[in-house]
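Right, one structure below, let's go through it.
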Amino acid sequence: MSTELRTISNSFIFNDEFNPFNKSYYNVKIIVKELVYNNGAEYYDISYEYEYFEDPKNATENKNVNQIETKNKCHPFWPKLGSASGYIIKKNMMTATMVIYLLMNYEELAKYSGNVSAQGYKRSIIAALALFWD
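Using the working numbering, you'd call the opening residue of the sequence shown number 18 and step up by one each time.
What follows is the structure in structure tokens.
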């Protein structure tokens, strides 16, 4: 049995950064619930909600495999879509810091991401956190 301590969320745009002509994107809401279990163990329940916005040009020109590929490349879990709905991870110093960066807006995150775009950095955080599922 667990108790929810708090819930924090933020929304972000994810697009295909490597194709400036593709205007399709996902609006992704990231929801993080902090949980504590009866034994005192603390966890994060991280979930994702997606809303896809198709580039009108793609919708009329590419009614085939290219449309699916375009949609997938905008997805924050692309090319590994396996953990796309979310996961539960153990809360510790490392994951707590990663969650802070996960929920940070792009402008603030850009101060810490070096030569990687804030969106690319956030994708890496999402992928790394998925590896810690419990």
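C-beta: ideal position from N, C-alpha, C; glycine also. Treat the numbers as computed from the prediction; the structure is a model and nothing was measured.
Sheet register partners of Asn44 (DSSP bridge): Per DSSP, the beta-bridge partners of Asn44 are Ile30 and Glu68.
As assigned by DSSP and simplified to three states, the class of Glu148: Sequence inspection shows Leu at residue 148; the Glu mentioned does not correspond to that position. The DSSP-derived three-state label of Leu148 is coil.
Cα-Cα separation, Asn56 to Ser19: So the two alpha carbons sit approximately 9 Å from each other.
Pairwise C-alpha distance: Lys139 and Tyr118: About 8 Å.
Gly57 in three-state terms, based on DSSP: The three-state reading of DSSP puts Gly57 in coil, since its state is none of H, G, I, E or B.
Cα-Cα separation between Ala58 and Glu51, rounded to whole angstroms: One C-alpha to the other measures close to 11 Å.
Cβ-Cβ separation, Ser41 to Asp72 (assumed contact under 8 Å), whole Å: Correct: roughly 4 Å between the Cβ atoms.
Status (buried if at least 16 other CB within 10 Å, exposed otherwise) for Ile142: Ile142 should be labelled buried.
Neighbourhood of Gln136 by C-beta distance below 7 Å, restricted to the same chain and skipping five residues each side: Exclusion of the five residues before and after Gln136 leaves Phe31, Glu34 and Tyr123 as the residues of its chain whose Cβ lies within less than 7 Å of its Cβ.
Buried or exposed (CB count within 10 angstroms, at least 16 for buried), Leu148: Exposed, by the Cβ-count rule.
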